[in-house]
Structure formats: C-alpha cells, structure tokens
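Trainee:
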Amino acid sequence: MSYSELDRPAQFLKSVGPKRAALLAKLGLLTARDVLYHVPRRYEDASTIRAIGSLEPGMDVTIIGRVVAKGVLPTRKGLRIFQAVVQDRTGLVECSWPGQPFLDRVLRRGDLLLLSGSVRFFHGRQLQPREFTLLAREGEEATEEEGTVFPVYAATEGLTHRQIRTLIAENLDDLLRAVADEEVLPADLLDRAGVPPLVRALESLHRPGSLAEAEQGRRRLAFEELFFLQLLHARARHRAAVERPGIAFERRGTLVSTVYRTLPFSLTTAQKRALVEIGADMLSARRMNRLLQGDVGAGKTVVALFAMLRAVENGYQAALMAPTEILAEQHVRTLRLLLGDAPVQVVLLTGRLGAAARREALARISSGDAGIVVGTHALIQEAVEFHHPGIAIIDEQHRFGVRQRLALAEMGEIAEGESRIHPDVLVMSATPIPRSLALTLYGDLDISVLDERPPGRRPVRTGIRPEGARERVFEFVREQVRLGRQAYVVYPLVEESEKLELKAATEEYRYLREEVFPDLRLGLIHGQMPGEEKDRVMRAFAAGEVDVLVSTTVIEVGIDVANATVMVIEHAERFGLSQLHQLRGRVGRGAEDSYCILVASSPEARERLRIFVSTEDGFRIAQEDMRLRGQGDMFGSRQSGAPAFLFADIERDESLLVLARVEAQRIIEADPELERHPTLRDVLTSRYEERLRLFQAG
Ligand code: ADP
Ligand code: MG
C-alpha cells in the first residue's frame with residue numbers, strides 16, 4: 009500500500025503539538041490513522057434528554073446541565089455525601105452521591121454534565137445519578153450543539169476524553185478524506201453483508217446521528233475482521249487439501265454394514281448425519297480434517313468406530329488417541345463389544361503396558377495385524393510404526409496440545425517415507441462451545457455436531473441447596489450408597505497455591521471420612537496427585553470398591569461409571585456453567601435415576617445457576633456461559649492478552665460471522681492464492697496473519 013497522509017505522525021494533526029503527541033502515544037496512537045481508528049468506547053445518548061424543569065419523583069431520566077453549586081455534606085451517621093446543583097434553561101435540580109466525597113475534587117462549578125439516574129423526593133426533587141459524563145468544563149466549547157449522541161473515548165492522564173473528542177472532531181473531515189481510497193472490501197461484498205463502506209462507517213462511529221448509526225459503523229469494522237480471519241482459514245483449508253491430499257477410501261461395505269447390522273441400538277439422527285459428513289470426506293480424495301463436537305454422552309465413540317471401520321475395510325489401519333489410560337482402556341472394551349465377531353483386531357498401547365506386552369503391541373501395529381490401535385499419547389511418543397495408517401482420531405481433543413494432535417495426524421508420513429500418506433483426521437470434543445466460537449477457533453476444520461442425545465437416557469435431576477442443608481445432602485448420599493449406588497463429591501480449586509490446595513483437599517477428605525461417612529468407603533482425587541495414583545483411585549471407583557469419590561479437580565473426562573448416581577458440587581458458584589455441565593455428565597449414565605446437587609447459598613449464585621438447573625442442553629449452557637463470562641474467558645488461558653477482535657463480538661455478530669465464512673470460502677475456491685484479489689491478499693499479509701497466529705497461540 010502506498011504512503012498516505014494517514015501514515016503521518018499524529019503530531020501533524022490540528023491541535024496536536026509535541027506534548028499532545030506524547031500523550032496520544034501513551035494511548036498507542038502514533039499516526040493519523042491510529043487516531044482515526046481510535047473509535048469511541050461507548051456513547052452517551054442525549055437524544056432522550058429531559059428538561060430539568062419537567063422532572064418528577066419516580067422518573068428515571070437523563071439530563072444535561074451545568075454545576076452551579078456543590079459541596080460535601082456530613083450526615084449524622086458519619087456518611088459523607090457529595091452534592092451538586094445542576095441547572096439547564098428550564099430549572100435546577102439537586103444531585104446527590106452518598107459516600108463519594110472525592111467527587112468534590114473531580115467536579116468543578118461550571119462543568120457541563122450529562123447525568124442519568126432516578127428522581128426521588130427528598131426536601132424537594134433530588135437526582136441520585138447512576139452515572140455521569142463530564143461533557144465540558146466552563147469556558148470550553150459546549151458540545152451540546154454537535155449532535156444528540158456523544159462519543160466517549162478511551163482517555164489517559166493528561167488527556168481527557170473531552171479533549172480527544174474535540175481533537176478528533178476538528179480533524180475528522182480531513183481524516184475521512186484521506187481514508188476514502190483505503191476501502192479494502194469489494195462493494196458487492198459490502199452490499200451482501202449489509203454494512204456501509206469504510207468512510208461512512210468511520211464517520212458514523214465518530215459522529216453518529218443515532219446509536220443505531222454508530223452500531224452500523226461498528227458492524228462494518230467487525231465484518232472486516234471476521235471476513236479476513238475466515239479468509240485465512242479458508243486459504244489454510246485449501247492449501248492443506250492441495251499439499252496433503254488424502255486417501256480416497258472406497259465403500260466396500262464389508263465391515264461397516266456387518267457391524268451396523270449388529271449394533272445393539274439404532275443411531276440417532278445426529279449420529280447418522282455426522283456419519284454421512286465423515287463418509288463423504290473419506291470417500292473424497294481430499295484429506296479429512298473434521299471436528300466432531302458432541303455433548304457428553306452424545307455417542308461420539310460409535311461414530312468414531314464407523315469411521316475407523318471404513319479405513320480398515322479398505323486395508324488401512326486406524327488410530328484412536330485418548331487423554332488418559334482409563335479412557336483408552338474403556339474405549340478398547342467398548343469397541344470390542346460393538347465389534348462382536350467382526351474380524352478386526354483392536355490393540356491397546358499405553359505407557360502402563362509391561363515391556364513384553366508393549367513389544368507385542370508394537371509388533372502387531374507395524375505388521376498391520378492391528379486394525380484399530382487405541383492408546384494414550386504413548387501412540388506418538390514411542391517408536392510406533394504403523395504399517396498402513398488411514399485415519400487418526402483424537403478424543404477429547406482439548407486435552408491435547410496442538411503439537412500432539414499434529415504428531416498423530418502426521419504418523420503416516422514417517423511410516424511411508426517417500427510416498428507420503430496423509431491419514432484422515434477426526435478430532436472429537438465434548439466441550440460444547442457455541443457455533444460462533446467454534447467457527448472462530450477451529451475455522452480451518454470442518455465441523456460436525458451431535459446435538460441430540462441417544463434416547464432412553466433419563467434426565468439428571470438437578471437442584472440447588474443452601475449451605476445449611478449440607479447435612480441433608482449427605483444423608484441423601486448415604487441413602488443412595490445404601491441402595492448400592494456410588495457418589496461424587498466435588499470441591500472447587502480453592503487456592504491458587506498447590507500446597508494450600510492439597511491441604512484443603514485432604515482436610516475436606518478427612519472430615520468427610522471421619523465425621524460424615526465413617527461407615528463408607530471413600531476415595532480422594534486431587535490435582536497434585538501423580539497420574540498413576542489418580543488412575544488407581546478412578547479404577548477402584550469404577551470397580552465399585554469406593555462408595556464416595558471426593559475430588560478437587562475436574563474428574564477424568566469421558567469416564568463411564570454407570571453405577572454412580574449422585575454428583576454433589578460444593579461451592580457451586582465458583583464453577584463456570586460449562587464446567588458444571590461437564591461434571592454433571594459423570595452421572596446419569598445408567599438405568600437408575602441420577603441427581604446433581606449444587607451447594608450454594610448466595611442469591612446471586614442461585615440466580616446464575618438457574619439456567620443450568622433448568623436444562624441439560626450443553627450448547628445452551630455454553631451460550632449462557634459465554635454471555636455471562638464474556639467471550640474472552642471462553643478462549644481459555646489467553647495469557648498473551650492480545651484481544652481476539654477489536655470490533656467484533658462473535659456472539660452478537662454470529663450472523664456476520666457465518667456470512668463472512670461463506671463469502672471467504674467462495675473467494676478462495678475461485679482464486680485460492682488471491683491472485684485476482686491483490687488488495688485482499690496484501691491486507692491479509694500485512695494486517696491479519698500475525699494476529700491470527702497470536703490469537704491461536706493464546
Ligand atoms: P461421548 O459422546 O460422551 O463420548 P459415548 O460414545 O461414550 O459418548 O456414548 C455414551 C453412551 O451412549 C455409551 O454407553 C454408548 O454405548 C451409548 N450410545 C451411543 N449411541 C447410542 C444410541 N444411538 N442409542 C443408544 N445408546 C447409545
Ligand atoms: Mg467420549
């Protein structure tokens with residue numbers, strides 16, 4: 009892109025000298041372009057301003073007026089109240105801020121304020137402001153005349169949001185003129201997305217006629233971000249398909265149909281749909297790169313089985329990697345059961361095998377005798393040589409690092425030397441994340457969703473109990489154990505420190521074992537335990553040798569203990585809704601009624617937990633979780649702190665996101681390396697590649 013006026017240092021702007029420029033730099037605004045893109049943080053909507061003369065007690069209002077008198081009043085109870093009298097052309101009103109005497113140093117006589125709050129009767133009319141914005145100091149040009157919606161900018165010490173507003177207002181026309189030829193999105197694309205061109209968007213953001221107009225401006229910038237991210241994803245998908253062609257499996261129908269006929273249940277519609285999607289990928293010469301998303305218990309394993317059988321009946325091998333040994337062992341049992349007499353060898357490979365057993369497993373893998381290989385990360389750590397790998401499946405993919413996933417996906421490359429084989433890849437996840445987030449995080453994958461539970465599963469009865477009812481809760485646990493069932497009691501991670509966590513866990517455990525359930529068999533799992541120890545306790549629980557399992561960590565994912573019918577979650581308010589949902593998924597796996605009991609006392613907590621109590625739909629819960637926590641948190645540990653998007657909000661902008669994906673895909677299909685779209689290509693390279701990298705590393 010050629011040099012533009014917008015690349016000039018901010019100091020060349022009107023009303024900006026060296027001192028101001030230094031302050032702008034503190035906000036990260038170095039060039040004129042930076043200033044133009046410094047869009048308001050929020051807006052004050054003055055289009056609903058009421059005249060002070062018309063205020064009545066009971067109203068909730070927004071007003072604008074000047075401070076004509078102010079001071080701090082002590083009350084008899086020792087509370088200090090800041091009061092200010094505010095005037096407009098129609099009258100006066102007293103405003104009162106209890107407990108905020110410091111405002112006396114912030115506000116001055118002559119300040120023009122925008123205030124909102126409710127009017128009450130207290131020796132006359134009195135406004136108790138919820139919030140206020142300082143629009144202008146005495147003598148400063150009042151901005152009342154400029155419009156009815158006031159932009160409020162992020163400011164810094166020494167440079168107020170009002171000064172920034174004035175500065176931008178003064179320069180805006182020049183800046184907009186300069187940005188006019190920087191439109192990067194084709195006009196027809198803007199039309200289809202229903203968003204304005206860049207110049208109009210920036211004008212609407214800085215000088216909106218209404219809040220709706222400002223929002224249209226934001227949507228334009230948001231769409232651009234989403235579109236370029238999807239363009240990157242689409243290009244990555246395309247390149248992967250070209251550089252790493254897959255295997256075109258054939259529909260032999262030998263194994264798949266035999267096993268299908270002997271299944272002890274019929275597949276859900278969602279499972280069938282996922283199998284059709286996976287089947288199409290496998291039959292095509294393009295390599296499969298698919299995410300199978302399905303709530304706990306949605307039945308992902310059987311879907312994985314049929315994908316593996318398709319590979320096996322074509323003479324290839326299949327690998328299934330699970331995050332823990334118990335889970336891998338459980339998969340082997342399940343698969344063997346479902347396979348019945350079908351001629352497929354299932355081999356287990358974990359770190360726990362003895363030397364002889366391991367040698368044998370490795371030999372069967374390299375000879376091709378093993379059709380299906382199930383294992384932990386031992387699959388990628390050991391010198392495992394597949395004879396003829398066709399598909400790699402990763403269960404509970406979020407438990408693995410990107411590198412581990414890649415390592416399994418690339419297993420064929422090592423095995424085949426020169427003639428490279430690229431096994432199909434299916435990653436499975438039980439963490440139901442909203443579609444918008446999945447499209448953003450895993451935009452380079454195709455996605456299948458199991459959004460339906462197998463029939464016949466009983467709902468888990470979920471309830472909230474206050475702390476005071478804990479004894480009754482434990483009594484209920486005891487009753488269930490007496491009926492031959494088992495229970496989980498989960499404590500949240502209370503302390504950041506490992507030592508303290510260990511102490512808390514062991515103390516709770518001792519309390520439960522000695523004081524509450526001296527007659528029952530208890531087990532403990534906590535985060536500081538070595539993996540082997542955890543496995544040992546889990547195994548004992550699965551074998552029915554432990555009645556009540558006390559845990560401080562999230563219990564092993566995917567574990568199936570059908571006899572466990574109670575899940576007690578202490579301090580439930582400290583867990584995120586999605587986390588609670590994962591925990592609840594541990595019960596309700598058998599034929600008996602199951603219960604999930606949340607112990608939480610505060611009314612706010614109980615309010616927040618309501619949606620969780622009312623539904624078992626993991627996607628709805630995840631959506632609500634995202635709404636409550638904000639999307640930032642949903643990305644997990646994002647230490648980099650790099651914001652995913654500056655303007656987009658993937659929840660609010662979901663329809664824009666979906667549209668961006670479709671449009672990006674269309675462009676890449678016709679012009680994979682963007683040779684006919686040089687502007688898009690340049691912008692992608694110069695502005696978005698690095699951002700995506702940071703974003704995915706987070
Ligand atoms: P997840 O998606 O959590 O991995 P699983 O594959 O472990 O779920 O399946 C959970 C349980 O549901 C298993 O016991 C499985 O046999 C059973 N199941 C799977 N699909 C169906 C179905 N269509 N009808 C009935 N039961 C099913
Ligand atoms: Mg599973």
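Everything in the sequence shown is counted per the numbering used here, starting at 9 for the first residue and increasing by one. Glycine residues also receive a C-beta, built at the ideal position from the N, C-alpha and C atoms. Predicted model only: the values in this text are computed from it and were never measured.
(1) Just to confirm before moving on: does the CB-CB distance between Phe620 and Thr514 stay below 9 Å?
(2) Measure the alpha-carbon distance for Arg493 versus Leu370 and round it to whole angstroms.
(3) Anyone know if the C-beta pair for Leu346 and Ala386 falls short of 9 Å?
(4) Under 9 Å between the Cβ atoms of Asp568 and Arg529?
(5) Ala672 and Ala242: beta carbons closer than 9 Å?
(6) Between which two residues does the alpha helix (DSSP H) harbouring Ala330 extend?
(7) Given that a residue counts as buried once 16 or more other Cβ atoms are within 10 Å of its Cβ, and exposed if not, what is Pro82?
(8) For the ligand ADP, is there any heavy atom lying closer than 8 Å to the beta carbon of Asp568?
(9) Helix, strand or coil: how does DSSP classify Ala438 here?
(10) Locate the beta strand (DSSP E) running through Pro82, then write down its first and last residues.
(11) Which runs of the alpha helix (DSSP H), 4 residues or longer, sit entirely within the region 666-697?
(12) Could you tell me how far apart the beta carbons of Tyr603 and Ser559 are, in whole angstroms, since I believe they sit closer than 8 Å?
(13) Use the C-beta contact count for Asp543: other C-beta atoms within 10 angstroms, 16 or more gives buried, fewer gives exposed.
(14) So Ala209 is in the alpha helix (DSSP H); what residue range does that whole segment cover?
(15) Any heavy atom of the ligand MG inside 8 Å of the beta-carbon of Asp303?
(16) Which same chain residues end up closer than 6 Å to Thr276 when comparing Cβ atoms and leaving out the 5 residues on each side of it in sequence?
(17) Could you give the distance in angstroms between the alpha-carbon of Gln647 and the alpha-carbon of Val481?
(18) Measure the beta-carbon distance from Val101 to Arg133 and round it to whole angstroms, keeping in mind my assumption that it falls under 8 Å.
(19) Can you tell me where the beta strand (DSSP E) holding Arg619 begins and where it ends?
(20) Might you give, ordered along the chain, the residues of its own chain that have their beta carbon closer than 7 Å to the beta carbon of Ala423, omitting 5 neighbours on each side?
(21) Quick check: is any heavy atom of the ligand ADP less than 8 Å from the C-beta of Met436?
(22) Whose C-alpha, out of Arg695, Ala678 and Glu698, is nearest the C-alpha of His246?
(23) By the three-class DSSP mapping on this structure, what secondary structure does Phe627 have?
(24) Under 8 Å from any heavy atom of the ligand MG, does the C-beta of Thr309 make it?
(25) By DSSP's criteria, Glu52 is part of a beta bridge. Which residues make up the other side?
(26) Determine the direct distance from the alpha carbon of His534 to that of Arg473, and round the result to whole angstroms.
(27) Along the chain, where does the alpha helix (DSSP H) containing Ser12 start, and where does it finish?
(28) To the nearest angstrom, report how far apart Glu632 and Leu667 are at their CA atoms.
(29) In terms of alpha-carbon separation, which member of Asn179, Thr70 and Leu193 lies closest to Leu688?
(30) Report yes or no: do three or more beta-carbon pairs, one from the region 370-384 and one from the region 321-340, lie closer than 8 Å?
(31) Write down the C-beta distance between Ile388 and Leu434 rounded to the nearest angstrom, noting that I regard them as a contact closer than 8 Å.
(32) Leaving out the 5 sequence neighbours to the left and right, which residues in its chain are closer than 8 Å to Arg260 when beta-carbon positions are compared?
(33) In chain order, which continuous runs of the alpha helix (DSSP H) of length 4 or greater are located wholly inside the region 85-135?
(34) Given 8 Å as the limit, tell me if Asp403 has its C-beta closer than that to any heavy atom belonging to the ligand MG.
(35) At the level of alpha carbons, what is the spacing between Leu713 and His685?
(36) Need the endpoints of the alpha helix (DSSP H) that Arg247 sits in, please.
Mentor: In this structure, then:
(1) On the sequence shown, position 612 is the one that residue 620 refers to. On the sequence shown, position 506 is the one that residue 514 refers to. Contact flag unset, no.
(2) Stepping through the sequence shown from its first residue, residue 493 is reached at position 485. Stepping through the sequence shown from its first residue, residue 370 is reached at position 362. One C-alpha to the other measures close to 39 Å.
(3) As a working mapping, residue 346 is identified with position 338 in the sequence shown. As a working mapping, residue 386 is identified with position 378 in the sequence shown. No. Outside cutoff.
(4) Here residue 568 corresponds to residue number 560 of the sequence shown, with the count starting at 1. Here residue 529 corresponds to residue number 521 of the sequence shown, with the count starting at 1. No, they are not a contact pair.
(5) Within the sequence shown, residue 672 is the residue found at index 664, counting from 1. Within the sequence shown, residue 242 is the residue found at index 234, counting from 1. For Ala672 and Ala242, yes; Cβs fall inside 9 Å.
(6) Within the sequence shown, the letter at position 322 stands for residue 330. Segment: none, Ala330 is in no alpha helix (DSSP H) and carries neither H nor E.
(7) As a position in the sequence shown, residue 82 is number 74, starting the count at 1. Exposed, by the Cβ-count rule.
(8) For the purposes of this step, residue 568 is taken as residue 560 along the sequence shown, with counting starting at 1. Yes.
(9) On the sequence shown, position 430 is the one that residue 438 refers to. Looking at Ala438 - three-state DSSP - the assignment turns out to be coil, as it is neither helix nor strand.
(10) Looking up residue 82 in the sequence shown gives position 74. Note, Pro82: beta strand (DSSP E), Asp68 to Pro82.
(11) 686-691
(12) As a first step, residue 603 must be located in the sequence shown, where it is residue number 595. As a first step, residue 559 must be located in the sequence shown, where it is residue number 551. At roughly 17 Å, the Cβ-Cβ gap does not stay under 8 Å, so Tyr603 and Ser559 are not in contact.
(13) Position 535 of the sequence shown holds residue 543. Residue environment: Asp543 is assigned as buried (16 or more neighbouring CB atoms within 10 Å of its CB, all protein chains considered).
(14) As a first step, residue 209 is located in the sequence shown; it is residue number 201 there, counting from the start. Taken as a continuous stretch (DSSP letters only), the alpha helix (DSSP H) holding Ala209 covers Leu206 to His214.
(15) Here residue 303 refers to the residue found at position 295 of the sequence shown. Checking every heavy atom of the ligand MG against the Cβ of Asp303, none is found closer than 8 Å.
(16) The residue given as residue 276 occupies position 268 in the sequence shown. Taken in chain order, the residues that qualify are Glu460 and Pro462.
(17) The residue labelled residue 647 in the question sits at position 639 within the sequence shown. The residue labelled residue 481 in the question sits at position 473 within the sequence shown. Residue placement at Gln647 is poorly supported in this model, since its pLDDT is 31, which falls under 50; the coordinates still yield a value, given next. Taking the straight line joining both Cα atoms gives about 39 Å.
(18) Position 93 of the sequence shown, counting from 1, holds the residue named residue 101. Position 125 of the sequence shown, counting from 1, holds the residue named residue 133. With 8 Å as the limit, Val101 and Arg133 qualify as a contact, their Cβ atoms being about 6 Å apart.
(19) Position 611 of the sequence shown, counted from the first residue, corresponds to residue 619. Here the sequence assigns Ile to residue 619, which means Arg is not the residue at that position. Per DSSP, Ile619 lies in no beta strand (DSSP E); the unbroken alpha helix (DSSP H) holding it starts and ends at Arg618 to Ser622.
(20) One-based indexing of the sequence shown puts residue 423 at position 415. The predicted model places Ala423 with a pLDDT of 47, which falls under 50 and marks its position as unreliable; any figure quoted below should be read in that light. If we look at Ala423 and ignore the five residues flanking it on each side, its Cβ neighbours are Glu393, Phe394 and Pro397.
(21) Here residue 436 is taken as the residue at index 428 of the sequence shown, counted from 1. Under cutoff, so the answer is yes.
(22) Counting from one through the sequence shown, the residue named residue 246 turns up at place 238. When only C-alpha atoms are compared, the closest one is Ala678.
(23) In the sequence shown, the residue the question calls residue 627 occupies position 619. Residue state, collapsed to three classes: helix.
(24) Against the sequence shown, residue 309 aligns to sequence position 301. The ligand MG approaches Thr309 closely enough that one of its heavy atoms is under 8 Å from the residue's Cβ.
(25) As a first step, residue 52 must be located in the sequence shown, where it is residue number 44. In the DSSP output, where bridge partners are listed per residue, Glu52 has Phe158.
(26) Working through the sequence shown from its first residue, we reach residue 473 at position 465. Working through the sequence shown from its first residue, we reach residue 534 at position 526. Distance between the alpha carbons of Arg473 and His534: 24 Å.
(27) Position 4 of the sequence shown, counted from the start, is the residue given in the question as residue 12. Premise fails: Ser12 is in no alpha helix (DSSP H) and is neither H nor E.
(28) If you number the sequence shown from 1, residue 632 lands on position 624. If you number the sequence shown from 1, residue 667 lands on position 659. Spanning the two alpha carbons is a distance of roughly 23 Å.
(29) Mapped onto the sequence shown, residue 688 falls at position 680. Closest option to Leu688, Cα to Cα, is Leu193.
(30) yes
(31) Taking the first residue of the sequence shown as 1, we reach residue 388 at position 380. Taking the first residue of the sequence shown as 1, we reach residue 434 at position 426. In fact, because the Cβ distance is near 16 Å, the residues do not count as touching under 8 Å.
(32) Against the sequence shown, residue 260 aligns to sequence position 252. Taken in chain order, the residues that qualify are Glu321 and Asn322.
(33) 111-114
(34) Sequence index remark: in the sequence shown, residue 403 carries index 395 (1-based). Checking every heavy atom of the ligand MG against the Cβ of Asp403, one is found closer than 8 Å.
(35) Beyond the ends of the chain as shown, which are 9 and 706, falls residue 713; an answer cannot be given.
(36) Here residue 247 corresponds to residue number 239 of the sequence shown, with the count starting at 1. First-last of the alpha helix (DSSP H) with Arg247: Leu219 to Glu251.
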